[in-house]
Every structure is written in structure tokens, then in C-alpha cells.
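So the protein lines, in turn, are chains H and A. So in this note's numbering, the last one in the first sequence is 517, and the numbering has no gaps at all. So in this note's numbering, the last one in the second sequence is 665, and the numbering has no gaps at all. As C-alpha cells, the structure follows; a few thoughts come after it.
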Amino acid sequence: MTGFTDGEWHRLHPLTPLLRGGITFVAIAGFLLYNVRDILIDMAFGGRGGESEPLLWLYESEYFWLAVLALVVGLALVIVGYYLAWRMNTFRITDEVLEVRSGVLFRRNRKGRLDRIQGINIARPFFARLFGAARLEVNVAGQDANIKLDYLTSAAADELRRDILRLASGTRVAEAQARAEQEVLLGDDGQPLPRTAGVSHLIDQRVHELLAPELDPGLAPPESVVTMHMGRLIGSLLLSGFSVFVLALVAGIAWGVAATGSYLFLIGVLPALIGTSSFYITRFTRSLRYSIAGTPDGVRIGFGLLSTSNETLPPGRIHSIQVTQPLLWRPAGWWEIKVNRASTSSAKGAAGQANTTILPVGNLDDVRKVFALVLPDHVDDGSMALFERGLRSTGGADGFVNSPPRARWYLWFSRRRNGFAMLPGVVVLRQGAVWRQLTIVPQARMQSVAVSQGPVFRALRLASLRVHTVAGPISPSLSAVDSAEAVRFFREVADAAILSSSADTSHRWRSGEATA
Amino acid sequence: MTEHLDLPEIAWRRVSPRYIVVDLVGGLLFGLIVVGAGAVVAYFIGLAWLWAVVAAVAVVFVVAIALTPRRVRAIGYQLRDDDVLFRRGILYQRFVAVPYGRMQLVDINRGPLARALGLSELKFVTAAAATGVVIPGLAEADAEELRDRLVALAESRRAGL
Numbered sequence: 002m003t004g005f006t007d008g009e010w011h012r013l014h015p016l017t018p019l020l021r022g023g024i025t026f027v028a029i030a031g032f033l034l035y036n037v038r039d040i041l042i043d044m045a046f047g048g049r050g051g052e053s054e055p056l057l058w059l060y061e062s063e064y065f066w067l068a069v070l071a072l073v074v075g076l077a078l079v080i081v082g083y084y085l086a087w088r089m090n091t092f093r094i095t096d097e098v099l100e101v102r103s104g105v106l107f108r109r110n111r112k113g114r115l116d117r118i119q120g121i122n123i124a125r126p127f128f129a130r131l132f133g134a135a136r137l138e139v140n141v142a143g144q145d146a147n148i149k150l151d152y153l154t155s156a157a158a159d160e161l162r163r164d165i166l167r168l169a170s171g172t173r174v175a176e177a178q179a180r181a182e183q184e185v186l187l188g189d190d191g192q193p194l195p196r197t198a199g200v201s202h203l204i205d206q207r208v209h210e211l212l213a214p215e216l217d218p219g220l221a222p223p224e225s226v227v228t229m230h231m232g233r234l235i236g237s238l239l240l241s242g243f244s245v246f247v248l249a250l251v252a253g254i255a256w257g258v259a260a261t262g263s264y265l266f267l268i269g270v271l272p273a274l275i276g277t278s279s280f281y282i283t284r285f286t287r288s289l290r291y292s293i294a295g296t297p298d299g300v301r302i303g304f305g306l307l308s309t310s311n312e313t314l315p316p317g318r319i320h321s322i323q324v325t326q327p328l329l330w331r332p333a334g335w336w337e338i339k340v341n342r343a344s345t346s347s348a349k350g351a352a353g354q355a356n357t358t359i360l361p362v363g364n365l366d367d368v369r370k371v372f373a374l375v376l377p378d379h380v381d382d383g384s385m386a387l388f389e390r391g392l393r394s395t396g397g398a399d400g401f402v403n404s405p406p407r408a409r410w411y412l413w414f415s416r417r418r419n420g421f422a423m424l425p426g427v428v429v430l431r432q433g434a435v436w437r438q439l440t441i442v443p444q445a446r447m448q449s450v451a452v453s454q455g456p457v458f459r460a461l462r463l464a465s466l467r468v469h470t471v472a473g474p475i476s477p478s479l480s481a482v483d484s485a486e487a488v489r490f491f492r493e494v495a496d497a498a499i500l501s502s503s504a505d506t507s508h509r510w511r512s513g514e515a516t517a
Numbered sequence: 505m506t507e508h509l510d511l512p513e514i515a516w517r518r519v520s521p522r523y524i525v526v527d528l529v530g531g532l533l534f535g536l537i538v539v540g541a542g543a544v545v546a547y548f549i550g551l552a553w554l555w556a557v558v559a560a561v562a563v564v565f566v567v568a569i570a571l572t573p574r575r576v577r578a579i580g581y582q583l584r585d586d587d588v589l590f591r592r593g594i595l596y597q598r599f600v601a602v603p604y605g606r607m608q609l610v611d612i613n614r615g616p617l618a619r620a621l622g623l624s625e626l627k628f629v630t631a632a633a634a635t636g637v638v639i640p641g642l643a644e645a646d647a648e649e650l651r652d653r654l655v656a657l658a659e660s661r662r663a664g665l
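Quick look at the structure:
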């Protein structure tokens, strides 16, 4: 146990105001220091620099001491304000809830039930990493429904996440006590890190934290980690749809210059260059140290090179999974995996977009490993073989109920790959012959199911299926299915959804294990 | 015309025939506003083909309004042991099944005309925005009884998200 989970109120990292202000503080301090330095040099050597400098002018005017006084008072007010904000910002964790109080004039109290947690994210912006601090964010379902603890010491954030997940998982105190024996040292006041160990130790620790792999091998089984190869990452970026767009742009500009003989077209190049390179750099640095691993409390996904984020999704928090393959990736056999989840994390994913991509790029083997992590109850040899056929098969009798031949008027190329399959616990939808796509929805997470038919489909005896899940990048649906099969799908899935959700205990995912 | 989608084993409960009036008046008003606005624009611009567009829109509205009674009769719902089934549409058919445990809340809405006729509209909200199940044209007492029953059922079968 960390000192945090005792049900008492605790404060955040003392450097929180500085870290929240972040780079702005550094910039202002640097600017002031730079100007003051000139003045100090002038005072010492009696020289005269640029006469127009505002600070110099102020120094020579009669209001100088008044200005200094205003500055000191202003600074004091800011410091007192931040100190009060830090002092009033407290949190506590009981067996049932996480509660945060904040605000000086406008008080705010936010309470989240632990069994409603959808994910816990630990973000370490680069500036905060230098100070060994981290931001812990507890996500629950809904918009703007995150509980943020910024900042904590890095080690404390990891411990706290583990403890919150343990409390949320429904395991009881006996296991917690067994774990407590192997704890690192923590102060009584909840401010960990033994500072008595001296500065060199502290620096060692910072360096270690900066260089350490994102996943602590003690907390996650390393054999399940998918490794990101730099060559593959660069290749996947170069072969993305965005690269095609960039190439088209370059070709257009080159043609424009060659055809008109004027270099007017090059004016647009610089902003375009900045935009494209920042896109590539963001994706690259986010994904380079990508990691994914299974822990007893869910899947842990890490992103980021300088600013890192590292998120744990407890079991049963993934509402659907989609594997896609752009056409350009097919020769290399690469895939991308996205998920739908009920919460919105403020941490950014692989491309600075919403954090729903759980595998930026990987080969079939990586896809298999990720499936095993995110669908632990539904993956065995049989289902994995079906998933693989869903990914790579060209269609036909491969375990999927595909669209009938009369659907070719609607689906010109993908008719033979357009189908569904039902396994115990999951619904599998497959689409696309050019842009291949496989969607898996755990039945215990489905919200509802619909079948619909318009006049054109009625004439062709076809129908559309749709499985409703929480909002996200995936909307699982299938069109142009044989209408009798669609009705059968509707009946079976409606029944299966009820059975699966009543048998599902993942909101207290470990409550079966511990009986103490 | 080939056969419609159907679940023959379900004994569908239908909505009140009075709802036809509500739907008719609503459709008429909307149609008059759209066609009227189109006619004004066409009058001031004075292009012949614009009048043709307005006329086509008017025909579509007339057909849609003429089909209102059939459309209302096609709305059906059924409370099964563990879920609600809902259907609507003739030309564009839609069937939805929502397990009780997935219901986040139940809304009752009453428009001015529906209220005058003693009707209510029941709306189910799940965590998925696309579920979109709205049963119109229920007698007020039925709607409230149905809501209380659904809330009780949802409570007894509550699951996570």
C-alpha cells in the first residue's frame, strides 16, 4: 500500500504549480534574467548598452523603485496564490471512491466510483519528467469525466495506479498486505522518495526514470510485449495515405514550376513543409517507444519518446476492436488496431489523435499478441484461426456468413469478404477487399443490435446489420447480408447479448479470486 | 415486391391510432413550410426548373403524408423477458433489440398536439447514441406505467457499461 490509499486527504507534488505552468515559467524567468543581466553588467562596468531597452529606461527613471515594489508584490501574490491552490487541492482514496477537492475561491469536489473506472493513464510531459513528476488521470465513462491528479512523483503515480486498480478489481485486503511487504519506502505524509539519500542518488534516479523502458518489468510480463521496429515504423509512415497526398502535392508544385517557369509556386512550400514534417515527427516520436503488455489489472499501453503516456485499460473496458490494413501496407503485411472505449482520455495517441489506437503498426504476429491481450476470454486456437481468416482470406467458405452472389451489384469487389461470424462471447464482422477490415465486438459490451432494410435491398433480398456500441472510431456494421441470415443474426445476437452481459463480472474483474 | 423482414414469433404491441393525427399534422406543417419557402424562392428567382423542383418536393410530401396511417400502424414494440424489441418503417424497415440492463435512462416527451390527444412518447437512452429507440403514440398512463416497469427491469438486470 502506498500512503495514499488510507482514506485520508493527501496533497499533490509540491512542485505542481511550477510543472503546470511548465515552459511558460522558464521562458519568463529566462527573459527577465537576460535583461537583468545586461543591467547588472552595466552597473558593474559603467558601460552603456542599447538605449532603447525598456528595462534600462525603467532603471533610469524615477519610478524604478515603485516598479520593483510592484514586481515584488505581484510575485508574492502569485506565489501565495499558487501555494493556496496547491494547499487546497487534495485527494483521497477509499475502498469505494476516489475524491478530489480543488479551487481556492470556487471550490470543486469530484468523486468517482472505483468500479466505474474505464482506464488509468499516467502521463509524463518532458518538462515534468525532468523533475521526476507524473500526471495521473483516472478515466470514467462520459465527456469531461476524468479525475486528474497532477502532479505526483513518478514512482508514487505508478504505485497509486496499482493500488487504485487493486481496490477497483474487488480483491480484498489480504493480498494487499502480502504486497505491502515488498514496497519501496514512502513517507507517512504521502510524500515518497527518500530525499535523505542525497543529490547524487536523486540524479541517478532521474536518469534511470528517463532512460528506463516505459514498462517496469517487475509490473508487467515482458514476454507479451510487442516491440516496435524503427524500420517498420518509418515504412508505415512513408506508406500512409498522407504520404500519397504529400507526393501528389510535390508533383503538383513541380509541374507548376516547370510549366509556368515562375517560382511563384514555391511560396506555398515552406508552410507545407513545416506541416508535413511536424505530422511525421509527432507520429514517429509518439510511436517509437510504443509498448503493450498484459498486467493482472488489464492491458497497459505506452506511447511517447520525450513526453510519455502510459495507460492501463482494465478488463472489460474495450467495447469493440477493429483491425484495418490500408492497401499500401498489404505487401508488407502490416495492420493497425483501434478500439472503442467509453471514456475519453486527454492523453494523445499515436498521431496526437484521441487515444484509441492500441497498435499503430504491426505484423500478423503482433496482431495475434494484441488479440490475446485484449480478448483474453475469447481467444483460443479455433477463434484465432477464424480471426486470421477474417484478416487474410479472400472469401468463400471460410467460417464467415458472406454476402450472397446477388449482392455483387452493390459490393463490386468485396462481396466474397463481406460477412459475419458468431463465436461464443464475440461477434465478428469482416469487410473490404481493397481496404481490409475486421471488427470484433464482445457481446457483453454491446448496447443494442439493429437490422434494417430499404427498398433496394428488399428487391435484392438483402439487409443491413448494425451493432451499437459506445461512441468511438469504430461503428460496427455490415451491409448487403442475405435477409434471412440477417434476421437469424439479429435473433441470436439479441439473445447472446443478454446472456453474456448477465454472466459478465468484469467491472469487478478479480472479485472471484480473492476470498479473504 | 418481395417479402419484408419479419420476426413472425413476436406478438407486436401497436401504438395508439390517435398518433396518426399527430404525425399527419406534423408532416403537413413541415411540408407546407418547406414547399412554401421553396415557392417563395422560386417566385423571386423565377426559373422554370426551380418550380419543377418545388413541385417534385410537394409530390414527395403528399405521398409521405398519404402513407402516414400505414407508417404508424407499422410501429411496434414488445417487452420480452430480458429486452425490448422495437420496429418501425414499411419502405425503410428497422428492428432494434435493447437489453434492459443496457438502459441508462428512459425519457417521456409530450408535444402540444400529442398532449391534447393524451399521448406520450417514450425514449430509451443507452450508452450508444445510435440505439435510437423512440416509441411514439402511447397513452399517457401506459407510458408512465411502461417507464416505471422498464426502470425496475433495468435495475434488476443492471450490468456495467
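Every residue, glycine too, gets a C-beta built ideally from N, C-alpha and C.
Out of P425/H, V428/H, T395/H, which has the shortest C-alpha to C-alpha gap to R416/H? T395/H
Positions along the stretch 579-592 of chain A whose CB lies within less than 7 angstroms of some CB in chain D: Chain labels in this structure do not include chain D; the protein chains are H and A.
With a threshold of 8 angstroms between beta-carbons, can L626/A be considered close to chain H, or not? no
Using a beta-carbon distance below 8 angstroms, is L509/A in contact with chain H? yes
Might you give, ordered along the chain, the residues of its own chain that have their beta carbon closer than 7 angstroms to the beta carbon of G113/H, omitting 5 neighbours on each side? V98, L99, V139, V141, I148
Beta carbon of R318/H nearer than 8 angstroms to that of Q454/H: no
For A422/H, name the three-state secondary structure that DSSP assigns. strand
DSSP has L314/H in a bridge; who is on the other side? V300/H
Buried or exposed: which applies to L640/A, given that a residue is buried once 16 or more other Cβ atoms fall within 10 Å of its Cβ? In the sequence on display, residue 640/A carries Pro and not Leu. With 16 or more Cβ atoms within 10 Å of its Cβ, P640/A is classed as buried.
Interfacial residues, the stretch 629-647 of chain A to chain H, with Cβ spacing under 8 angstroms: T630, A631, A632, A633, A634, T635, V637
Pull the bridge partners of W336/H from the DSSP assignment, please. G363/H
Just by C-beta distance, which residues in the stretch 433-461 of chain H are closer than 9 angstroms to chain A? A445, R446, M447, Q448, S449, V450, A451, V452, S453, Q454, G455, P456, R459, A460, L461
Does any residue of chain H bring its CB to less than 8 angstroms from the CB of L595/A? yes
Distance, V610/A Cα to L654/A Cα: 8 angstroms
At least 3 beta-carbon pairs within less than 8 angstroms: the stretch 404-423 of chain H vs the stretch 362-377 of chain H: no
Is the beta carbon of V427/H closer than 8 angstroms to that of V494/H? no
Express the C-alpha separation of F414/H and L328/H in angstroms, rounding to a whole number. 14 angstroms
Would a check of beta-carbon distances place H14/H closer than 8 angstroms to chain A? no
Rank W330/H, D151/H, T95/H by C-alpha distance to the C-alpha of G242/H and give the top, closest one. W330/H
What's the gap between the Cα of G593/A and the Cα of L511/A? 14 angstroms
Nearest CA to the CA of L374/H: which residue from A86/H, R301/H, A434/H, V247/H? R301/H
Which residues of the stretch 551-577 of chain A have a Cβ closer than 8 angstroms to any Cβ of chain H? Give them in chain order. none
Is there contact between the stretch 572-591 of chain A and the stretch 517-526 of chain A, where contact requires at least three CB pairs shorter than 8 angstroms? yes
Express the C-alpha separation of A643/A and A631/A in angstroms, rounding to a whole number. 27 angstroms
Which class does A135/H belong to by DSSP, given the choice of helix, strand or coil? strand
Please decide whether V655/A counts as near chain H, where near means a Cβ-Cβ distance under 8 angstroms. no
Determine whether the Cβ of V471/H lies closer than 8 angstroms to any Cβ atom of chain A. yes
State the DSSP-derived secondary structure class of T286/H, mapped to helix, strand or coil. helix
Closest by C-alpha distance to S321/H, when choosing among G104/H, R446/H, L250/H, G22/H: R446/H
In whole angstroms, give me the CA-to-CA distance for F534/A and R619/A. 19 angstroms
Where does the unbroken beta strand (DSSP E) through E625/A begin, and where does it stop? 623-629
Could you tell me which residues DSSP puts in a beta bridge with Y581/A? R517/A, F590/A
Pairwise C-alpha distance: A464/H and V452/H: 7 angstroms
Please go through the same chain and pick out, in chain order, the residues whose beta-carbon is closer than 6 angstroms to the beta-carbon of A546/A, but skip the five residues on each side of it. L554, W555, V558
So, helix, strand or coil for A124/H, using DSSP? strand
In the structure shown, what three-state DSSP assignment does T516/H receive? Its pLDDT being 41, under 50, T516/H is placed unreliably in this model, and the coordinates cannot settle the point.
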